[in-house]
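Residue numbers (my numbering): 628 to 943.
Remarks on the structure that follows.
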Ligand code: ATP
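As structure tokens, this is what we get:
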């Protein structure tokens, strides 16, 4: 049976309740919410009943346990999350700007998840998995990059598959070795899930179709471009499909891309046709934005079916 693995930050997110330009003034906050892009991703995979695991580290504190409890309840194998009695669980503060963009303050590199490394236990977890999902945010420290690279080699050597969501945050793009690591991951990727400008990070082309062709020529099997409220586009060597997105009220967009990616990967791995995987992914992304808190909007199959059926036929 396919088992999906991801590696990286498990943290809590604290959300500013008023829009503005960051945190240089006092602002009411809500949280902590379980978070971390890899954690949201794997929670959504687990909720869809697909075998799933994550390698991470948290402190033995409430922020860590809030995540462990949620992921366990949603069916994720959390044996790869080391609880570090000396460490503190990571955190991210997010504030939405008036234009819809987000300002982040991250405490990742100097938290427990900044010390994820290639332990004997992590090697064992890697060996139980047949699909690796890499998130760009997770490449924030050399020891995490090393763990991801070993997982890439292991999964590929056993005939497994790799999906990759660059998920770039300007706040952590200056991490040592991150750009090189992103390029290396792309060369091993089967399913690429960029959002907006991320599509052009590794191409000379600056127009979508030309960039897609350039990437498909490198051996990537399929590309799904996320487009926020405008939906998503799927491409492979034979076809392209567009989903216009489901009409929902957006309360908090954080986590939409992670939930979308998780649903797409889950259906793709189970052999669903691309149109079906795209529909369920768009539904997962849409449901994600309707709840405040990045992991609060992950969905089970029945919830996705209800949204899809309620929306009626959508031409894709
Ligand atoms: P993030 O990095 O915050 O997780 P992202 O940029 O990777 O997000 P988005 O494009 O914002 O990803 O969202 C992923 C998918 O979720 C979209 O392609 C779309 O299908 C769905 N989605 C996002 N926002 C909305 C919305 N407001 N209404 C309906 N669907 C949405």
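Just so you know, even glycine gets a beta-carbon here, dropped at the ideal spot from N, CA and C.
Exercise. To the nearest angstrom, how far is it from the Cα of residue 734 to the Cα of residue 744?
Worked result: 18 Å
Exercise. When we look at the beta-carbon of residue 805 and count the other beta-carbons within 10 Å, is it buried (16 or more) or exposed?
Worked result: buried
Problem set entry | N-terminal and C-terminal residue of the alpha helix (DSSP H) that residue 770 is part of | 769-784
For this session: Using a threshold of 8 Å, state whether the C-beta atoms of residue 646 and residue 725 are closer than that.
Result: yes
Exercise. Are the beta-carbon atoms belonging to residue 892 and residue 790 less than 8 Å from one another?
Worked result: yes
Exercise. Which partner residues does residue 805 have in the DSSP bridge list?
Worked result: Per DSSP, none; premise fails for residue 805.
Exercise. Given that a residue counts as buried once 16 or more other Cβ atoms are within 10 Å of its Cβ, and exposed if not, what is residue 737?
Worked result: exposed
Exercise. Quick one, are the C-beta atoms of residue 693 and residue 639 less than 8 Å apart?
Worked result: yes
For this session: For residue 973, count neighbouring C-beta atoms within 10 Å of its own C-beta (all shown protein chains included) and say buried if the count is 16 or more, exposed if not.
Result: In the structure displayed, the chain extends from 628 to 943; residue 973 sits before or after that span and is not available.
Exercise. At a cut-off of 7 Å, is residue 853 close to the ligand ATP when judged by its beta-carbon and the heavy atoms of the ligand?
Worked result: yes
Problem set entry | Continuous beta strand (DSSP E) stretch holding residue 788: start and end | 788-792
Problem set entry | Spatial neighbours of residue 867 in its chain, beta-carbon cut-off 7 Å, leaving aside the 5 residues before and after | 860, 861
Problem set entry | Any non-hydrogen atom of the ligand ATP closer than 7 Å to residue 881 Cβ | yes
For this session: Tell me whether residue 846 is buried or exposed, calling it buried when 16 or more other Cβ atoms sit within 10 Å of its Cβ.
Result: exposed
Problem set entry | Start and end residues, alpha helix (DSSP H) containing residue 749 | 747-754
Problem set entry | Distance, residue 740 Cα to residue 863 Cα | 35 Å
Exercise. Closer than 8 Å, CB to CB, is residue 779 near chain D or not?
Worked result: Among the chains of the structure shown, chain D does not appear; only one protein chain is present.
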